[in-house]
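To keep things clear, I will list the structure first and then write my remarks on it.
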Amino acid sequence: MDDRIVLLDENGKEEEFEVAATFGLDDFNYAVLFPINDENEAYILRMEYDDNNELVLVGIEDDEELNDAILAYESILKENIEQK
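In this note's numbering, the protein residues as written are 14 to 97.
See below:
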């Protein structure tokens, strides 16, 4: 996947990310983002829709949900490696 998006950080500065993957888990969908300037970091954000049906990426505050999302993404990576 070679999709890129631009998000604003907490200071209002634009930062570009590569969308490495999207996946569903339980009742939620998630996006895995890598900052273009620092590919050693990754973010997993929950995908939600606002009142205008616009896609919104939301940070995961619940540790259990975040750990489950990380494990699901690692499982996807492992499956992709095994298929090659």
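Don't be surprised by glycine CBs; every beta carbon is placed ideally from N, CA and C.
Quick check: the Cα distance between M14 and V32, rounded to an integer number of angstroms? Below a pLDDT of 50, predicted positions are generally treated as unreliable, and M14, at 48, falls in that range; the measurement from the model is reported next regardless. Those two C-alpha atoms are separated by around 7 Å.
Taking the runs of the beta strand (DSSP E) that are 3 residues or longer, which of them lie wholly in the region 26-81? 27-38, 41-48, 56-62 and 68-72
request  = Kindly indicate the opening and closing residues of the beta strand (DSSP E) around D16.
outcome  = D16 to L21
Alpha carbon to alpha carbon, what distance is there between A44 and E74? 15 Å
Point to revise | Burial state of R59, where buried means 16 or more other Cβ atoms lie within 10 Å | key: buried
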